[in-house]
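Asks: Got a structure for you, questions after.
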């Protein structure tokens with residue numbers, strides 16, 4: 003999407019200004035960490051450009067969300083928040099609100115979706131201590147947000163919106179002030195800034211400030227393929243509620259962006275990209291193994307999209323915002339699995355095996371390649387049947403090995419099912 007004029011985005015008065023972001027910066031600068039803008043040699047050499055990482059995974063709550071939450075609460079008169087505040091979040095905004103409640107000694111009630119990773123829930127409780135109460139409601143962020151808003155209205159407490167509020171956008175925009183200050187110190191002229199997009203608060207704040215101070219810098223937004231709520235809004239000309247989303251990239255899995263964040267994105271963001279969740283997993287593992295960076299799925303989006311941009315960014319200076327590092331270690335097995343599937347190295351099949359001794363040995367000897375490995379084998383014997391179904395997982399060394407493997411399996415069982423081609427069966431069996 004090419005940039006359009008500010009006036010086209012629901013009017014000049016609807017948008018947060020550079021001055022508002024600078025005021026937010028003065029309010030929160032002593033309470034948040036000025037995170038580093040780091041040159042990344044590995045990514046720079048890989049993509050033949052100059053890649054810098056804005057390390058918000060090193061923020062006090064390991065995500066940029068502290069900025070907006072802290073400012074949205076501190077910018078209100080204390081009498082309005084003294085009885086408490088309410089928020090809804092998939093994790094990082096909740097941590098920002100919890101930290102702020104503990105810092106200024108006010109109560110907070112935090113609504114989180116039921117599938118939220120335990121690591122994020124425990125961190126919210128850690129940062130908020132006795133000052134906060136966590137309530138797990140609904141299967142998605144949007145369901146938790148609806149419950150939170152209803153509760154806030156009933157209790158007459160301020161609702162601290164996770165993205166669709168001027169103070170949130172201004173607070174998130176303080177990241178861009180630090181980024182541009184550090185770029186100036188290093189005498190950098192930034193060609194591209196990449197930011198993850200969930201509800202749109204982060205990219206709205208960044209884009210507003212960067213376009214005001216460096217109009218030629220391109221702002222690129224990145225969403226997970228399974229939750230492209232901003233892309234859909236831009237296509238339709240207004241926010242749209244997505245009926246279903248893939249919740250894996252939980253920090254960016256929002257069914258509907260805000261009207262205000264949509265206006266900012268429409269005005270200032272040059273293009274939107276989408277990244278497959280499997281590619282995100284591969285990037286998480288690569289960031290950890292190559293750069294010792296622990297990124298959560300949403301935090302890895304801006305690096306994951308570089309493969310799509312490799313021709314565009316050659317010789318350029320780019321900044322990837324690593325938006326968060328709250329990754330639950332218990333998810334690493336799933337992350338590794340999704341990465342292998344995305345790379346075409348792991349496959350699942352439903353194969354009918356003869357119910358006789360030696361059938362498995364025959365399969366291993368005659369069907370598998372020399373470097374293929376069985377990672378899963380689930381067999382259910384059928385009484386009075388000549389064959390029985392097996393769910394079998396096979397990991398390959400090379401992606402190309404899948405073609406002879408499929409041909410060999412077809413000889414063994416002409417009616418085999420490749421579960422990657424049947425999502426319902428895959429979900430049921432794997």
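In the working numbering, the protein residues as written are 3 to 432.
Just so it is clear, CB atoms sit at the ideal spot from N, CA and C, and this is done for glycine as well.
Please read these numbers as outputs of a predicted model, since none were measured by experiment.
Relative to the C-alpha of residue 401, which candidate in 194, 218, 371 has its C-alpha closest?
Replies: 371
Asks: How should residue 368 be labelled, buried or exposed, when 16 other C-beta atoms within 10 angstroms of its C-beta is the threshold for buried?
Replies: The residue in question, residue 368, is exposed, as its Cβ has fewer than 16 Cβ neighbours within 10 Å.
Asks: What's the C-alpha gap between residue 289 and residue 306?
Replies: 10 Å
Asks: Is it true that the stretch 152-165 meets the stretch 74-91, where meeting means three or more beta-carbon pairs spaced less than 8 Å apart?
Replies: yes
Asks: Leaving out the 5 sequence neighbours to the left and right, which residues in its chain are closer than 6 Å to residue 178 when beta-carbon positions are compared?
Replies: Around residue 178: 208, 211, 212.
Asks: Give the straight-line distance between the Cα atoms of residue 316 and residue 200, rounded to the nearest whole angstrom.
Replies: 27 Å
Asks: So, at 6 Å on beta carbons, what are the nonlocal neighbours of residue 111 in its own chain, with the 5 sequence-adjacent residues on each side left out?
Replies: Closer than 6 Å at the Cβ level, and outside the excluded window around residue 111, lie 88, 135.
Asks: Look at the Cβ atom of residue 73, then the Cβ atom of residue 172, and state whether they are nearer than 8 Å.
Replies: yes
Asks: For residue 14, count neighbouring C-beta atoms within 10 Å of its own C-beta (all shown protein chains included) and say buried if the count is 16 or more, exposed if not.
Replies: Reliability of the predicted coordinates at residue 14 is poor, the pLDDT of 41 falling under 50, and no value is obtained from them.
Asks: In whole angstroms, what is the alpha-carbon distance linking residue 278 and residue 346?
Replies: 13 Å
Asks: So for residue 408, helix, strand or coil by DSSP?
Replies: helix
Asks: Where does residue 44 land, buried or exposed, given buried means 16+ other C-beta within 10 angstroms?
Replies: exposed
Asks: Could you please give the first and the last residue of the uninterrupted beta strand (DSSP E) stretch that includes residue 136?
Replies: 134-138
Asks: State the DSSP-derived secondary structure class of residue 145, mapped to helix, strand or coil.
Replies: helix
Asks: What is the residue span of the alpha helix (DSSP H) that residue 109 lies within?
Replies: Neither: residue 109 is in no alpha helix (DSSP H) and is coded neither H nor E.
Asks: Could you have a look at residue 223 and say whether DSSP puts it in helix, strand or coil?
Replies: strand
Asks: Could you tell me whether the Cβ atoms of residue 66 and residue 228 are closer together than 8 Å?
Replies: no
Asks: Would you grab the beta carbon distance between residue 114 and residue 130 for me? Rounded to a whole angstrom, and I think it's under 8 Å.
Replies: At roughly 12 Å, the Cβ-Cβ gap does not stay under 8 Å, so residue 114 and residue 130 are not in contact.
Asks: Looking only at C-alpha atoms, which of 301, 426, 357 sits nearest to residue 252?
Replies: 301
Asks: Check residue 66 in the structure and name its three-state DSSP category.
Replies: Three-state result, residue 66: coil.
Asks: Taking C-alpha atoms, which residue in 284, 329, 294, 98 lies nearest to residue 309?
Replies: The shortest C-alpha separation from residue 309 is found at 284.
Asks: Apply the 10 Å Cβ neighbour rule to residue 156 and answer buried if 16 or more other Cβ atoms are within range, or exposed otherwise.
Replies: exposed
Asks: From this set, 32, 320, 280, which residue's C-alpha is nearest residue 221's C-alpha?
Replies: Of 32, 320, 280, the residue nearest in Cα terms is 320.
Asks: To the nearest angstrom, how far is the alpha carbon of residue 192 from that of residue 205?
Replies: 16 Å
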